[in-house]
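What the sequence shown shows, in the working numbering, is residues 139 to 461, in sequence order.
Glycine residues also receive a C-beta, built at the ideal position from the N, C-alpha and C atoms.
Keep in mind the model is a prediction, meaning the values are calculated, not measured.
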Amino acid sequence: MAARTALLFLLGAAGVGPVPSQGSQGDREPVYRDCLAHCERRNCSEAGLRHFRSRQPLYMSLTGWTCRDDCKYECMWLTVGLYLQEGSKVPQFHGKWPFSRFLFFQEPASAFASFLNGLANLVMLNKYKATVPHSSPMYHTCIAFSRVSLNAWFWSMIFHTRETNLTEKMDYFCASAVILYSVYLCCVRTLGLKRPAFATAFGGFLLLFLACHVSYLTLVRFDYGYNMAANVAIGLLNLFWWLGWCRQNQQRLPYVWKCVVVVLLLQILALLELLDFPPLFWVFDAHAIWHISTIPVNILFYSFLVDDSLYLLKANSEILKID
């Protein structure tokens, strides 16, 4: 179950979401603009640029931090300091809250939380492979789901480490891929085991949709509103499909409570994103806290997948014995 499914459809329903603005209060301030212009003139051309490059740490240059990026960072904190001196609320800059950079990590808490989510997925993937035999009907579908999730958390970590046009797009696209594969996983479990042709056709449709979705956002224009609406629609389908199946099987399959808890808990945790506030200690914002809170939820969902896969293996073996 993709944790980001809950976040995307909840934010869409609330009418808010991670839609970067072209300008925010902080970067519109004259003091910020004057500071940035002065810093770039002094440090980002000719002798100043050579001096900047000579003293820039290697890990910063390798991760793409430029002289202009450093100027933005320094001028951001200058502006924040003036706001705090005047007792005013901390402003956003370029659609984002100010974060204290650690080494080359732009948003260290979110980057580390994404890493921990990926690590949890990897650990549970290995546990799944060690516990569930290959002959289980859902084995290969669950393994593929885990790998798609790992890829999404990898790009989430990269995006929060260093935000660029490429890392932003990969973060969005891989999140969409997880949501779509969550729907496919649900389809295979609820219908596809008895109707494999339908599951194959539905999977092909989802793959085609993802290709069109990515092509539009890449080749036509990166429409944040459309991206949000698409993910909201698919997230809702995923949510109600799983809940409907769990309700039908709650008496027969005692472990489905895990799936219900995961689905509902993700919706509750996604409320954190609505509490948009400046980062605590300039590190922990609502998004970082949400990322951290999804780690145990991922583990619980893998526990459900293990239980369900072992049940299906046993049920399949009993059918073969009868035949």
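Contacting residues, own chain, Cβ-Cβ under 8 angstroms from residue i (five flanking each side not counted)
i: Glu167; result: Thr217, Pro229
i: Leu448; result: Thr269, Val270, Ser274
i: Val80; result: Past the edges of the chain, shown from 139 to 461, lies residue 80, and the structure says nothing about it.
i: Leu263; result: Ile281, Ser284, Arg285, Leu288, Tyr440
i: Asp239; result: In the sequence as displayed, the identity of residue 239 is Arg instead of Asp. Cβ neighbours of Arg239 beyond the five flanking positions: Tyr211, Pro246.
i: Val444; result: Lys265, Tyr266, Thr269, Val270
i: Leu451; result: Val270, Pro271, Ser273, Ser274, Pro275
i: Tyr277; result: Val270, Pro271, Ser447
i: Phe307; result: The displayed chain sequence assigns Lys, not Phe, to residue 307. For Lys307, where only same-chain residues beyond five positions count, the Cβ hits under 8 angstroms are Leu355, Thr356, Phe360.
Whole-Å CB distance - residue i paired with residue j, under 8 angstroms assumed
i: Ile427; j: Leu402; result: Wrong, their Cβ atoms sit about 19 angstroms apart, outside the cutoff.
i: Thr302; j: Gly219; result: Actually they do not touch by this definition, with Cβ atoms about 27 angstroms apart.
i: Ala258; j: Met295; result: Actually they do not touch by this definition, with Cβ atoms about 13 angstroms apart.
i: Pro434; j: Trp235; result: With a Cβ gap of about 26 angstroms, Pro434 and Trp235 do not count as contacting.
i: Cys209; j: Glu184; result: In fact, because the Cβ distance is near 15 angstroms, the residues do not count as touching under 8 angstroms.
i: Asn387; j: Val394; result: 5 angstroms
i: Ser162; j: Gly233; result: 6 angstroms
i: Val358; j: Phe237; result: Incorrect: roughly 31 angstroms between the Cβ atoms, too far for contact.
Check whether residue i and residue j have beta carbons under 7 angstroms apart
i: Phe283; j: Tyr319; result: yes
i: Phe463; j: Val400; result: Nothing can be reported for residue 463, as the shown portion of the chain is limited to 139 through 461.
i: Phe231; j: Thr299; result: no
i: Cys213; j: Tyr170; result: yes
i: Gly256; j: Trp291; result: yes
i: His429; j: Ser252; result: yes
i: Arg180; j: Gly186; result: yes
i: Cys173; j: Cys205; result: no
Environment of residue i [buried if 16+ CB atoms lie within 10 Å]
i: Gly164; result: buried
i: Val336; result: Per the sequence presented here, residue 336 reads as Phe, with Val not at that position. Classification of Phe336: exposed, given that the 10 Å Cβ count is below 16.
i: Ser287; result: buried
i: Gly330; result: buried
i: Leu323; result: buried
i: Thr432; result: buried
i: Thr279; result: buried
i: Ile317; result: buried
i: Val261; result: exposed
i: Phe419; result: exposed
i: His189; result: exposed
i: Cys463; result: Residue 463 lies beyond the residue range present for the chain, which begins at 139 and ends at 461; the question has no answer from this structure.
i: Leu355; result: buried
i: Ala175; result: exposed
i: Asp309; result: buried
i: Asp414; result: exposed
i: Val200; result: It is Leu, not Val, that sits at residue 200 in the sequence shown. Exposed: under 16 other Cβ atoms inside 10 Å.
i: Leu404; result: buried
i: Leu407; result: buried
Close Cβ partners of residue i (< 7 angstroms) along its chain, the five nearest in sequence each way excluded
i: Ser441; result: Lys396
i: Cys325; result: Ala337, Phe340
i: Leu241; result: Tyr197
i: Asn454; result: Pro275
i: Phe311; result: Val352
i: Ala368; result: His351
i: Leu254; result: Ile433
Close-in-space but distant-in-sequence residues of the same chain around residue i (CB under 6 angstroms, 5 per side omitted)
i: Thr305; result: Ile296, Phe297
i: Thr328; result: Trp383
i: Asp423; result: Trp235, Pro417
Minimum Cβ-Cβ distance from residue i to chain D less than 7 angstroms
i: Thr356; result: The structure shown contains no chain D; it holds only a single protein chain.
Alpha helix (DSSP H) runs wholly inside the region 193-255, at least 4 long, in chain order: Taking only runs of at least 4 residues, the alpha helix (DSSP H) segments lying wholly in the region 193-255 are 196-200, 205-223.
If we require 4 or more residues per run, which alpha helix (DSSP H) segments fall completely within the region 362-388? Scanning the region 362-388 from its first residue to its last, the whole alpha helix (DSSP H) runs of 4-plus residues come out as 362-387.
Taking only runs of the alpha helix (DSSP H) that begin and end inside the region 279-342, which ones reach a length of at least 4 residues, in chain order? Listed in chain order, the complete alpha helix (DSSP H) runs (minimum 4 residues) inside the region 279-342 are 303-325.
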